[in-house]
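Protein chains in written order, with numbering that gives the first Met the number 0: chain F, 0 to 210; chain X, 0 to 395. Okay, structure first, notes after.
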Amino acid sequence: MSESQTNPPVKKKTVKWGEAPKLSVLDALYLPAIASGLATAVRHAVSGKPTTRQYPEVEPEIPPNYRGVHRLNRDEAGRVKCVACYMCQTACPANCIEIIAAPAPKDDPHWKDRDKFPATFTIDELRCIYCGMCEEACPVDAIELTSVYDLTGMTREEMVFDKEKLLSVFDQTVKSGRDPVRTNRGKLGPASEVSPTAKDAPPPPGRGKRG
Amino acid sequence: MISSLLEYWPVLWPALAAIAVILAVVPFLGLYMTFIERKVAAYVQDRVGPNRVGPFGLFQAVADGIKIFLKEQLIPDHVYTALYFIAPSFSLITAMFALVVMPFGPVATDYQSGFRFMVAPGIDIGILMMLAISSLSAYGIIVGGWASNNKYSIYGAIRSCAQFISYEIPLGMSILGVVAIAGSLNIERIVASQSGSILDWNMFWQPVAMLVFFTSALAETNRLPFDLPECEQELVGGFHTEYSGIKFVLFFLAEYTHIVTVSFLTALLFMGGWHFPGLPGPSGASATVLLLGLLVLLAKVSLVVMVIILLRWALPRFRFDQLMGLAWKGLIPLALANLVGVAIVLTLGLPKHLLIATAVLPILAAYYSASKFNASLAEGNTLRNGLRTQGAVSYE
C-alpha cells in the first residue's frame with residue numbers, strides 16, 4: 000500500500016506481534032499433526048454416539064415457550080374465551096387476524112354473563128410471522144401460540160384458520176397434555192369479568208411488572 | 000482367424016473374464032464408494048448418514064444411480080458440444096483403461112498355473128503403462144474445462160493441469176526406488192519380490208517412498224486435501240460447473256476409479272500385495288490359496304481406501320501456492336534423495352538393511368525442505384503484518 004493511504008495510524012499497543020512456534024524435526028514433516036487428525040477422525044467414527052435425531056420417528060422436545068400454531072382457549076363452560084376486543088388484531092404486525100364481533104346472546108343462559116363474543120375469528124397462518132404479540136396483547140388470555148410446529152396444507156384456503164379450527168387446536172393440544180394453558184391457569188381474564196367500575200377490577204395480569 | 004482364436008482360448012478366456020469383471024464391478028464400485036464415503040463422513044462427524052433406503056441405507060447408492068440416470072440431459076448453450084460430451088467419457092475410459100495392467104488378485108509370475116486376476120498379465124512395462132494412462136485422465140478434466148466455455152471451468156482445468164504435471168514427478172520418482180529393488184517394471188514381479196516374511200514388504204524398506212507415493216497419488220486423484228480443481232469457494236464448481244446428470248457422474252466415477260487404482264497400487268507396490276505371512280505364493284497354488292490371496296489383497300486395498308476417505312476429514316485444504324510448494328519443494332527433493340539412497344545401496348551391492356539407513360537421508364532432506372517451506376509461510380505472514388503496521392489494514 001502506498002504512503003498516501005489515509006487510514007488512521009495503528010497504535011503500537013493494539014498490534015499483537017506473534018511468532019510462529021519453532022517446529023521440531025518431526026513437526027516440520029507434519030506427520031504427527033496428520034496422525035493426530037486421523038486419530039480424531041477415527042475416534043469420532045467409532046464412538047457410536049451420533050447426535051442425529053431420527054426426526055419423523057423421534058420428535059424434538061419443543062420448549063414450552065415455543066411459538067407455533069395459534070389456538071383459541073375455552074373457558075370453564077367450554078365457550079370461546081375471546082371477548083372480541085380487537086386487541087390482538089390491532090397488535091398484529093402482519094395483519095393476519097380478522098375478527099367480527101357480535102353481542103353475546105343475553106337470553107341464552109349459556110352466554111348470560113358475557114357482553115361480546117367473536118362471531119368470526121380467522122387467522123391466516125401463512126401470513127402470520129409467529130411473533131406472539133397477539134398472545135401478549137390479549138387481555139383475557141384467549142389466544143395462545145402452541146408448540147405445534149409441523150403445520151402443513153395443500154391449499155392457501157385451508158391455511159386460513161377459522162374459529163372452529165382454532166378451538167379444535169385448543170381441544171387437541173390441551174387434551175394431549177402437550178400444551179397446558181400457560182396464561183392465568185385457564186381462568187377467564189379480568190377484562191371479561193363483570194364489574195361495575197373499572198376501579199374494582201383486578202389489574203390485568205403481568206402489566207405491573209412491565210411498567 | 001477363428002482357429003487361431005480357438006488356439007489362444009486358454010489364454011484369452013481369463014483376460015475376457017477379467018475385462019468383464021472390471022466392466023461390471025467399476026460402476027458398481029463407484030456407486031458404493033460414494034455410499035461408503037457418505038457413511039464414513041457421517042460417522043466421523045457424529046452423524047448417522049444415509050439410513051432410509053433399505054437396511055442401513057444400503058440401497059441409497061442404487062437410488063442415487065436411478066435418480067441420476069433419469070435426470071434431464073442439460074446442455075448449456077455456450078459449450079463446445081462435441082468436446083463437452085467427449086470429456087466425461089474420456090475421463091472414465093482412461094481411468095478404467097489403467098486397470099488393464101492391474102493385478103486385482105494373486106498372479107503367478109510364471110504365468111502357468113491358476114486363474115490370472117488380471118486382464119493383461121506379463122506386461123513388462125506394467126507400472127510405466129499405468130502411470131502413462133492415468134496421467135491421460137488429466138485430459139478429461141482439461142477438455143471438460145475447455146469445452147464448458149466458462150472461465151471458472153477453465154481455471155479449474157488449468158489448476159488441474161498444473162497439479163497433474165507437478166505431482167507426476169514425485170509419483171514416478173517414488174516408484175523408481177521400488178522398481179530398482181525389484182529389478183522390474185512388471186507389477187506382478189514387484190509384488191513377487193515382496194514374498195516371504197512381513198519384513199519383505201516394501202513399506203519397511205521404502206517408508207519415505209511410500210509416503211511420497213501416497214501423497215502424490217492422492218493429488219492425482221483430485222481428492223481432498225488436493226481437490227483444488229473443483230473447489231467451490233473460488234471456482235464455483237471448477238471443471239464440472241457446467242456438467243450435470245449422467246455426465247457429471249462419469250467424472251465422479253472416474254475419480255472413484257482413480258481412488259481404487261491408487262489404493263491397489265499402494266497395496267501392491269508397498270504393502271506386499273497378496274502376500275501375507277503363512278500364505279504360500281500364487282505359483283502352483285490351490286484355488287483356496289488363490290482366494291485367500293485375493294481376500295488379503297482386497298483387505299489391504301480397503302484399508303488404504305479407508306485411510307484416503309478419513310484423510311479427507313483430518314486435513315484442511317491447501318492453498319494453491321502451498322500445493323505447488325509441497326510438490327516442488329517438498330516431495331520432489333524427498334523422492335530424489337530416496338532414489339539416490341537406493342541407487343547407492345544397490346550399485347555398491349551393500350546389504351539390504353542399509354536401505355533403512357538411507358531413509359535417514361530423505362528425512363534430513365525432508366526436514367530441510369519442510370523448514371524452508373515453513374520459512375516461506377512465515378515470510379508471508381510477516382509480509383501481512385508489515386502491511387498492517389503501515390496502516391494498510393487497520394485494527395482498532
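Glycine residues also receive a C-beta, built at the ideal position from the N, C-alpha and C atoms. These figures come from a predicted structure and were not determined experimentally.
For residue i, count neighbouring Cβ atoms within 10 angstroms of its own Cβ and tell me buried if that reaches 16, exposed if not.
{"i": "glutamate 60 (chain F)", "result": "exposed"}
{"i": "proline 120 (chain X)", "result": "buried"}
{"i": "glutamate 254 (chain X)", "result": "buried"}
{"i": "glycine 329 (chain X)", "result": "buried"}
{"i": "methionine 153 (chain F)", "result": "exposed"}
{"i": "valine 359 (chain X)", "result": "exposed"}
{"i": "leucine 187 (chain F)", "result": "Here the model assigns leucine 187 (chain F) a pLDDT of 48, short of 50, so the residue's position is not dependable and the matter cannot be decided."}
{"i": "proline 195 (chain F)", "result": "Here proline 195 (chain F) scores only 43 on pLDDT, less than 50, and its place in the model should not be relied on; the value that follows carries that caveat. Exposed, since its Cβ has fewer than 16 Cβ neighbours within 10 Å."}
{"i": "arginine 184 (chain F)", "result": "Here arginine 184 (chain F) scores only 44 on pLDDT, less than 50, and its place in the model should not be relied on; the value that follows carries that caveat. Exposed, since its Cβ has fewer than 16 Cβ neighbours within 10 Å."}
{"i": "valine 57 (chain F)", "result": "exposed"}
{"i": "glutamate 219 (chain X)", "result": "buried"}
{"i": "arginine 51 (chain X)", "result": "exposed"}
{"i": "glycine 64 (chain X)", "result": "buried"}
{"i": "lysine 66 (chain X)", "result": "exposed"}
{"i": "asparagine 64 (chain F)", "result": "exposed"}
{"i": "phenylalanine 405 (chain X)", "result": "This structure leaves residue 405 (chain X) out entirely; chain X is present only between 0 and 395."}
Report the rounded CA-to-CA distance for residue i versus residue j, giving the unit in angstroms.
{"i": "arginine 73 (chain F)", "j": "leucine 166 (chain F)", "result": "7 Å"}
{"i": "phenylalanine 317 (chain X)", "j": "aspartate 226 (chain X)", "result": "9 Å"}
{"i": "phenylalanine 120 (chain F)", "j": "alanine 136 (chain F)", "result": "16 Å"}
{"i": "isoleucine 397 (chain X)", "j": "aspartate 109 (chain X)", "result": "What is shown of chain X runs 0 to 395, which leaves residue 397 (chain X) out entirely."}
{"i": "lysine 48 (chain F)", "j": "valine 47 (chain X)", "result": "9 Å"}
{"i": "leucine 268 (chain X)", "j": "glycine 53 (chain X)", "result": "38 Å"}
{"i": "tryptophan 200 (chain X)", "j": "leucine 37 (chain F)", "result": "24 Å"}
{"i": "histidine 257 (chain X)", "j": "proline 332 (chain X)", "result": "25 Å"}
{"i": "threonine 346 (chain X)", "j": "isoleucine 355 (chain X)", "result": "16 Å"}
{"i": "leucine 82 (chain X)", "j": "glycine 143 (chain X)", "result": "7 Å"}
{"i": "serine 133 (chain X)", "j": "leucine 297 (chain X)", "result": "21 Å"}
{"i": "lysine 351 (chain X)", "j": "isoleucine 168 (chain X)", "result": "26 Å"}
{"i": "proline 26 (chain X)", "j": "isoleucine 35 (chain X)", "result": "14 Å"}
{"i": "serine 159 (chain X)", "j": "alanine 60 (chain X)", "result": "28 Å"}
{"i": "serine 3 (chain X)", "j": "leucine 15 (chain X)", "result": "16 Å"}
{"i": "glutamate 71 (chain X)", "j": "asparagine 221 (chain X)", "result": "27 Å"}
Using C-beta distances below 6 Å, list every residue in its chain close to residue i, excluding the 5 sequence neighbours before and after it, in chain order.
{"i": "aspartate 123 (chain F)", "result": "Cys95 and Val159"}
{"i": "phenylalanine 407 (chain X)", "result": "As shown, chain X starts at 0 and ends at 395. That puts residue 407 (chain X) outside it, with no answer to give."}
{"i": "isoleucine 128 (chain F)", "result": "Ala93"}
{"i": "glutamate 97 (chain F)", "result": "Thr121"}
{"i": "lysine 38 (chain X)", "result": "Gly48"}
Using only the heavy atoms of the ligand ATP, determine whether one of them is closer than 6 Å to the beta carbon of residue i.
{"i": "arginine 42 (chain F)", "result": "With respect to small molecules bound, the structure shown includes none, and the ligand ATP cannot be examined in it."}
Round the Cβ separation of residue i and residue j to the nearest angstrom and send it over; I've been treating them as touching at under 8 Å.
{"i": "alanine 216 (chain X)", "j": "leucine 170 (chain X)", "result": "6 Å"}
{"i": "isoleucine 338 (chain X)", "j": "methionine 95 (chain X)", "result": "In the sequence as displayed, the identity of residue 338 (chain X) is leucine instead of isoleucine. Incorrect: roughly 30 Å between the Cβ atoms, too far for contact."}
{"i": "proline 105 (chain X)", "j": "serine 196 (chain X)", "result": "That pair is no contact at about 18 Å."}
{"i": "phenylalanine 238 (chain X)", "j": "alanine 156 (chain X)", "result": "5 Å"}
{"i": "phenylalanine 116 (chain F)", "j": "alanine 101 (chain F)", "result": "6 Å"}
{"i": "alanine 336 (chain X)", "j": "alanine 179 (chain X)", "result": "About 14 Å separates the two Cβ atoms, so there is no contact after all."}
{"i": "glycine 42 (chain F)", "j": "phenylalanine 169 (chain F)", "result": "Per the sequence shown, residue 42 (chain F) should be read as arginine rather than glycine. At roughly 49 Å, the Cβ-Cβ gap does not stay under 8 Å, so arginine 42 (chain F) and phenylalanine 169 (chain F) are not in contact."}
{"i": "valine 303 (chain X)", "j": "threonine 260 (chain X)", "result": "That belief does not hold up - the Cβ atoms of valine 303 (chain X) and threonine 260 (chain X) are roughly 11 Å apart, past 8 Å."}
{"i": "threonine 39 (chain F)", "j": "alanine 313 (chain X)", "result": "7 Å"}
{"i": "glycine 131 (chain F)", "j": "arginine 66 (chain F)", "result": "5 Å"}
{"i": "tryptophan 273 (chain X)", "j": "leucine 293 (chain X)", "result": "7 Å"}
{"i": "alanine 89 (chain X)", "j": "glycine 139 (chain X)", "result": "In the sequence as displayed, the identity of residue 89 (chain X) is phenylalanine instead of alanine. Going by Cβ atoms, the distance from phenylalanine 89 (chain X) to glycine 139 (chain X) rounds to 4 Å, so yes, they are a contact pair."}
{"i": "cysteine 84 (chain F)", "j": "proline 138 (chain F)", "result": "6 Å"}
Which residues in the same chain have their Cβ closer than 7 Å to the Cβ of residue i, if we skip the five residues on either side of it in sequence?
{"i": "aspartate 178 (chain F)", "result": "Thr145, Ser146 and Thr172"}
{"i": "arginine 155 (chain F)", "result": "Leu125"}
{"i": "alanine 137 (chain X)", "result": "Ser159, Cys160 and Phe163"}
{"i": "arginine 209 (chain F)", "result": "The predicted position of arginine 209 (chain F) is uncertain, since its pLDDT is 42 and thus under 50; a value taken from the coordinates is nonetheless stated next. No residues qualify anywhere along the chain."}
With a threshold of 8 Å on Cβ separation, who are the neighbours of residue i within its own chain once the five nearest residues in sequence on each side are excluded?
{"i": "serine 23 (chain F)", "result": "none"}
{"i": "valine 235 (chain X)", "result": "Tyr151"}
Item to check | the segment 236 to 244 of chain X touching the segment 263 to 283 of chain X, judged by at least three CB pairs closer than 8 Å | outcome: These segments do not touch.
Next on the checklist: With three or more C-beta pairs closer than 8 Å as the rule, is the segment 206 to 215 of chain X touching the segment 136 to 154 of chain X?
Outcome noted: Counting Cβ pairs under 8 Å, fewer than three are found: no touch.
Checklist entry - Is the segment 87 to 107 of chain X in contact with the segment 19 to 26 of chain X, if contact means three or more CB pairs nearer than 8 Å? => result They touch, by the three-pair rule.
Next on the checklist: Under 8 Å: do the segment 304 to 321 of chain X and the segment 37 to 46 of chain X share three or more Cβ pairs, one atom per stretch?
Outcome noted: With a cut-off of 8 Å on Cβ pairs, the segment 304 to 321 of chain X is in contact with the segment 37 to 46 of chain X, counting three or more such pairs.
Checklist entry - Any contact of the segment 78 to 87 of chain F with the segment 66 to 86 of chain X, i.e. 3+ C-beta pairs under 8 Å? => result Contact between the segment 78 to 87 of chain F and the segment 66 to 86 of chain X is absent, because fewer than three Cβ pairs lie under 8 Å.
Item to check | At least 3 beta-carbon pairs within less than 8 Å: the segment 177 to 194 of chain X vs the segment 123 to 140 of chain X | outcome: The answer is yes - the segment 123 to 140 of chain X touches the segment 177 to 194 of chain X, with three or more Cβ pairs under 8 Å.
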